[in-house]
Amino acid sequence: MTNAPAVDDRRHHVVVVGAGFGGLETVHRLAGAPVRITMIDRRNHHLFQPLLYQVATASLATSEIAWPIRHLLRKREDIATLLATVEGVDIAGRHVLLDDGSTVSYDTLVIATGARHAYFGHDDWEPFAPGLKTLEDATTVRRRILLAFERAERESDPQRRAALLTFVIIGAGPTGVELAGTIAELARTTLVGDFRSIDTRESRVVLIEAGPRVLAAFTEDLSAYAQRALEKLGVEVELGQPVTACSAEGVVYGGKTLPAATIIWAAGVQASPAAQWIGAPSDRAGRAQVEPDLTVPGHKEIFVIGDAASVADPAGNPVPGIAPAAKQQGKHVAATIRARLAGNHQDAAFSYRHAGSLATIGKRLAVIDFGRIKLRGALAWWIWGLAHIYFLIGVRNRLSVALSWLWIHTRDQRSSRLITQGSAAGRSADPGKDPARPE
Ligand SMILES: Cc1cc2nc3c(=O)[nH]c(=O)nc-3n(C[C@H](O)[C@H](O)[C@H](O)COP(=O)(O)OP(=O)(O)OC[C@H]3O[C@@H](n4cnc5c(N)ncnc54)[C@H](O)[C@@H]3O)c2cc1C
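With the numbering used here, letter number 262 in the sequence shown gets 1275, and the count goes up by one each step, no holes.
Right, dumping it as structure tokens:
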């Protein structure tokens, strides 16, 4: 079966796979170009991943950080949106292969399928230590955190109660730091007074990192500041200790066993299998190694961008897997397609501009590295907050997120403390046995 256009349309056909930051920016920048576009995504929504941890920690609702792709593109009559999973590419025939056996032909293909978390060869840890990449992941983590408190309330055995009140985060990059700080606040302020048998302030939040410091991508003084701020919030920071086992009982690290009911994985990423679809060389994280112009070696008609791609900037530094890099690549690809259609086939190399690195530590503190300017503390948090609100889509969402944050700031309340996905009280409520595991 082939998905043919409904009318005879001889315009150059650009197929974009993935409506994340890179894919959406590509189609945004192609507005008005003499092309027709097909956008394919296996989900019906674009997700603002930088705020996923706030859904996981009950600060924001899912609808505040995700938007239907079809709605985002509704004014673009040049774009057809397909909800489908891509499973391969027929390079010789110039077709994208979909999971239902149908195909979509292309003149130019842009692959922007992102990445998922990786367990470094220990995929069996995933049921016990879910990562954070999709909305389902975030609601799964939220469910586990909230259920752990509920089960602790009913637990009379002190050791089992202590394990239920122990929250382990593996990986001290920005996501791990953000999660640890927010869970500590949840336990030490938000939930205090809600329970009768337990004191939520007795919870342990343990952040385990194999490397020598938290926020390794930041300068040493900013990462030392972040560690101190975390410890002030009550987070136990364990550095230089790789985790060697995860199970329903807890984690093993540095030769020690820590009983814990809730473990969250924030340690590594694995690119989508795009490199395999197109037979491109890939790096250790599975990212397709593309040419400096972001095309696949030997195939000028195929681009891979964002977290799915591995490319160095002109100085030889690897372009980081962050949203601004994916957006800049989307912009570059759109400019290349436009130039080619105008008769210029001398593709320019992609040049990455790093605007800065940001990470929050709880609801009041953050660190920012703008290169020459480095900020930390409350001012950095305000800049972080404004930047994220600015990048959210739509006035309604900006207002809604701003109000949610104001509520958290002034009342220490997190309004999204909902346990969803199945019965909270039944057997399926056991951490490690979620009724709705993310795919
Ligand atoms: C928890 C978390 C926090 C983060 N925080 C920050 C931050 O604070 N700042 C920052 O700059 N970056 C952050 N990032 C990184 C940032 O989100 C990514 O770098 C960015 O999303 C990459 O954009 P992308 O377009 O390559 O992929 P994505 O945005 O991941 O989009 C990929 C799209 O492809 C679709 N897709 C995947 N496979 C298929 C398939 N087979 N068929 C069809 N569709 C498919 C997916 O559904 C998705 O819509 C964070 C990431 C995570 C997970």
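Even for Gly, the Cβ is constructed at its ideal location relative to N, Cα and C.
Could you check where the alpha helix (DSSP H) with residue i kicks off and where it finishes?
| i | result |
| --- | --- |
| I1158 | L1148 to E1166 |
| H1422 | V1408 to R1424 |
| T1075 | Segment: none, T1075 is in no alpha helix (DSSP H) and carries neither H nor E. |
| E1198 | P1187 to E1198 |
| P1171 | P1171 to L1177 |
| R1389 | Unbroken run through R1389 is the beta strand (DSSP E), K1387 to G1390; no alpha helix (DSSP H). |
| L1378 | Careful: L1378 lies outside any alpha helix (DSSP H), inside the beta strand (DSSP E) at L1378 to D1382. |
| F1034 | F1034 to R1042 |
| S1236 | E1233 to K1245 |
| W1290 | A1287 to I1291 |
| T1349 | A1336 to L1354 |
| L1085 | I1082 to L1085 |
| L1065 | L1065 to A1069 |
One question on the structure: do residue i and residue j come within less than 8 Å of each other, judged by their Cβ atoms?
| i | j | result |
| --- | --- | --- |
| Y1365 | A1338 | yes |
| V1028 | L1043 | no |
| G1319 | G1033 | yes |
| A1046 | R1427 | no |
| L1246 | V1227 | no |
| V1264 | L1220 | no |
| V1346 | F1383 | no |
| T1275 | F1133 | no |
| A1288 | A1273 | no |
| G1114 | H1130 | no |
| T1039 | G1343 | yes |
| V1123 | L1111 | no |
Give the straight-line distance between the Cα atoms of residue i and residue j, rounded to the nearest whole angstrom.
| i | j | result |
| --- | --- | --- |
| A1125 | V1324 | 14 Å |
| V1109 | V1068 | 33 Å |
| A1361 | D1306 | 6 Å |
| A1079 | E1139 | 24 Å |
| R1430 | T1075 | 12 Å |
| L1086 | T1213 | 45 Å |
| A1442 | L1160 | Confidence is the limiting factor: at A1442 the pLDDT is only 39, short of 50, which leaves the residue's position unreliable, though a coordinate-based value still follows. About 7 Å. |
| R1440 | V1154 | Per-residue confidence for R1440 stands at a pLDDT of 44, beneath the threshold of 50, marking its modelled position as unreliable; no derived number is given. |
| Y998 | E1262 | No information on residue 998 is available, as it lies outside the stretch 1014 to 1452 that the chain covers here. |
| H1401 | Q1341 | 17 Å |
| F1208 | C1259 | 29 Å |
| L1037 | R1389 | 32 Å |
| D1103 | I1291 | 8 Å |
| W1418 | A1391 | 14 Å |
| T1349 | W1278 | 38 Å |
| G1206 | L1178 | 16 Å |
| K1446 | A1298 | Its pLDDT being 48, under 50, K1446 is placed unreliably by the model, and the measurement read from it follows with that caveat. If you take the alpha carbons of K1446 and A1298, they lie about 28 Å apart. |
| R1024 | T1121 | 11 Å |
| P1286 | S1169 | 47 Å |
| D1296 | T1308 | 16 Å |
| R1083 | T1094 | 6 Å |
| E1452 | E1149 | At E1452 the pLDDT is 30, less than 50, meaning the model places this residue with poor confidence; the figure from the coordinates comes in the next sentence. Using only the alpha carbons, I get a separation of about 9 Å. |
| D1022 | V1256 | 55 Å |
Tell me which residue opens and which closes the beta strand (DSSP E) that residue i is part of.
| i | result |
| --- | --- |
| Y1266 | G1263 to Y1266 |
| L1455 | Outside the displayed range of the chain (1014 to 1452) lies residue 1455, so it cannot be described from this structure. |
| L1111 | H1108 to L1111 |
| Q1466 | The structure shown does not extend to residue 1466, since the chain is modelled only from 1014 through 1452, so no value can be given for it. |
| G1101 | V1099 to D1103 |
| W1278 | T1275 to W1278 |
What distance in whole Å lies between the Cβ atoms of residue j and residue i, which are believed to be in contact at a cut-off of 8 Å?
| i | j | result |
| --- | --- | --- |
| D1054 | G1035 | Going by Cβ atoms, the distance from D1054 to G1035 rounds to 12 Å, so no, they are not a contact pair. |
| L1252 | E1222 | 5 Å |
| R1156 | T1433 | 7 Å |
| I1406 | I1396 | At roughly 20 Å, the Cβ-Cβ gap does not stay under 8 Å, so I1406 and I1396 are not in contact. |
Segment contact flag, the segment 1344–1364 with the segment 1199–1211, C-beta cutoff 8 Å, min 3 pairs = These segments do not touch.
Spell out a yes or no on whether the segment 1368–1387 and the segment 1185–1198 are touching, meaning 3 or more CB-CB pairs, one atom from each, closer than 8 Å.
-> The way I'd put it, the segment 1368–1387 does touch the segment 1185–1198; three or more beta-carbon pairs between them come closer than 8 Å.
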